Amino acid sequence: GQQLNQSPQSMFIQEGEDVSMNCTSSSIFNTWLWYKQDPGEGPVLLIALYKAGELTSNGRLTAQFGITRKDSFLNISASIPSDVGIYFCAGGPSGSRLTFGEGTQLTVNP
Amino acid sequence: DGGITQSPKYLFRKEGQNVTLSCEQNLNHDAMYWYRQDPGQGLRLIYYSQIVNDFQKGDIAEGYSVSREKKESFPLTVTSAQKNPTAFYLCASSIRIDSNQPQHFGDGTRLSIL
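Top line first, the protein sequences correspond to chains A and B.
So for the first sequence, the numbering used here puts the first residue at 66; every next one is plus one.
So for the second sequence, the numbering used here puts the first residue at 4; every next one is plus one.
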């Protein structure tokens, strides 16, 4: 199956700072998804990307589908305390099952 | 509202006991999944089903069993053979099994050993 590497594993930042995390795959993907999981809840889809080079925003969040189709990035601008949680990337080649990254644990200090 | 409902939110198991976690969806999705999440860890796939009366083992199926008798329901049984069952269990569904179909998750069941 696909291997998906997500980094960093954890981040500790101050409120107001920008955040960047990324995922790389061992094979070419046709889809990249980004989820957020609040403590004690299930992951919620933030952004879906379906085309190489695609750049999509959702409020203060921006995600990009890498040109090589083997990576994706998620940026959060001007972080706030409610951004705390675990962020997961997911994706795969067309027709395959979704593969999830290991997650990035984000802590925002007020 | 359409969505996925997991119950109960918290569950306690005694040694040697089987317990069943419920997952119901009204999204009309064909595919359903069960994941296990340990503290600070990612999602590990236990079982998945692409259609009624069909299911496949995931990466960590030992000690678990499932059934898919109805499209809406995909219950997970944690058997006494699962020696370390304490974890957060997440159910998900998607239109079909394909990476271009996002999975939608329930709010999870936290299982603990008494």
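We put the beta carbon where it would ideally sit given N, CA and C, even for glycine.
Just so it is clear, the structure is predicted and the values come from calculations on it, not from any experiment.
**Message:** Between B/Ala64, B/Asp62, B/Phe58, which has its C-alpha nearest B/Ser70's C-alpha?
**Reply:** Position 67 of the second sequence, counted from the start, is the residue given in the question as residue 70 of chain B. Comparing Cα positions, the closest option is B/Phe58.
**Item:** A/Ile141 versus A/Thr169: straight-line alpha-carbon distance, rounded
**Value:** One-based indexing of the first sequence puts residue 141 of chain A at position 76. One-based indexing of the first sequence puts residue 169 of chain A at position 104. C-alpha separation (whole angstroms): 13 Å.
**Message:** Alpha carbons only, please: which of B/Ile100, B/Ala95, B/Asn103 is nearest the one belonging to A/Val179?
**Reply:** An answer regarding residue 179 of chain A cannot be provided, because it is not within the stretch 66 to 175 covered by chain A.
**Prompt:** Mind checking if A/Gly157 is an interface residue toward chain B, Cβ cutoff 9 Å exclusive?
**Reply:** Position 92 of the first sequence, counting from 1, holds the residue named residue 157 of chain A. Yes, its Cβ sits closer than 9 Å to a Cβ of chain B.
**Asked** So, are the CB atoms of B/Ala90 and B/Leu114 less than 9 Å apart?
**Response** Here residue 90 of chain B corresponds to residue number 87 of the second sequence, with the count starting at 1. Here residue 114 of chain B corresponds to residue number 111 of the second sequence, with the count starting at 1. Against a cut-off of 9 Å, the Cβ pair of B/Leu114 and B/Ala90 comes out as a contact.
**Prompt:** Taking buried to mean at least 16 other C-beta atoms within 10 Å of its own C-beta, is B/Tyr51 buried or exposed?
**Reply:** Translated into positions along the second sequence, residue 51 of chain B becomes position 48. Burial call: buried.
**Item:** Members of the stretch 128 to 162 of chain A near chain B, C-beta cut-off 9 Å
**Value:** Ile151, Phe153, Ala155, Gly156, Gly157, Pro158, Ser159, Gly160, Ser161, Arg162
**Prompt:** First and last residue of the beta strand (DSSP E) that includes B/Ile49?
**Reply:** Within the second sequence, residue 49 of chain B is the residue found at index 46, counting from 1. First-last of the beta strand (DSSP E) with B/Ile49: 46 to 54.
**Message:** Rounded to the nearest angstrom, what separates A/Glu167 and A/Leu114 at their Cα positions?
**Reply:** Numbered from 1 along the first sequence, position 102 holds the residue referred to as residue 167 of chain A. Numbered from 1 along the first sequence, position 49 holds the residue referred to as residue 114 of chain A. Cα to Cα, the separation comes out at about 19 Å.
**Item:** Residue burial classification, A/Gly156 (beta-carbon count within 10 angstroms, cutoff 16)
**Value:** In the first sequence, residue 156 of chain A corresponds to position 91, counting from 1. A/Gly156 comes out buried.
**Under 8 Å by beta carbon: chain B residues contacting A/Glu167** = Numbered from its first residue, the first sequence carries residue 167 of chain A at position 102. Going along chain B in sequence order, the residues near A/Glu167 (Cβ under 8 Å) are Gln44, Gly45.
**Prompt:** Can you give, in chain order, each stretch of the beta strand (DSSP E) that sits fully within the stretch 85 to 153 of chain A and has at least 3 residues?
**Reply:** 96 to 102, 109 to 114, 120 to 123, 126 to 130, 136 to 141
**Message:** For B/Thr23, count the other beta carbons within 10 Å of its own beta carbon; 16 or more makes it buried, fewer makes it exposed. Which is it?
**Reply:** Translated into positions along the second sequence, residue 23 of chain B becomes position 20. The Cβ neighbour count for B/Thr23, taken over all protein chains shown within 10 Å, is under 16; the residue is labelled exposed.
**Request:** Using the Cα positions of A/Phe94 and B/Tyr67, report the straight-line distance between them to the nearest angstrom.
**Result:** In the first sequence, counting from the first residue as 1, residue 94 of chain A sits at position 29. In the second sequence, counting from the first residue as 1, residue 67 of chain B sits at position 64. For A/Phe94 and B/Tyr67, the distance between alpha carbons rounds to 31 Å.
**Request:** Apply the 10 Å Cβ neighbour rule to B/Arg88 and answer buried if 16 or more other Cβ atoms are within range, or exposed otherwise.
**Result:** What you label residue 88 of chain B is simply residue 85 of the second sequence in a count that begins at 1. Per the sequence shown, residue 88 of chain B should be read as Pro rather than Arg. By the 10 Å Cβ count, B/Pro88 comes out buried.
**Request:** Compare the C-alpha of B/Trp37 against each of B/Gln104, B/Ile7, B/Asn103 and name the closest.
**Result:** Reading the second sequence from its first residue, position 34 is the one you call residue 37 of chain B. Among B/Gln104, B/Ile7, B/Asn103, the Cα nearest to that of B/Trp37 belongs to B/Ile7.
**Asked** According to the neighbour-count rule (16 or more other Cβ atoms, all chains shown, within 10 Å of its Cβ), is A/Gly32 buried or exposed?
**Response** Residue coverage of chain A in this structure runs from 66 to 175, which leaves residue 32 of chain A outside it and unanswerable.
**Closest Cα partner of B/Gln40 within the set B/Lys17, B/Ala34, B/Leu14, B/Leu93** = Locating residue 40 of chain B in the second sequence gives position 37, counting from the first residue. Cα-wise, what sits closest to B/Gln40 is B/Leu93.
**Message:** Under 9 Å, Cβ to Cβ, is there at least one residue of chain A near B/Asn87?
**Reply:** Within the second sequence, numbered from 1, the residue matching residue 87 of chain B stands at position 84. So no, B/Asn87 is outside the interface.
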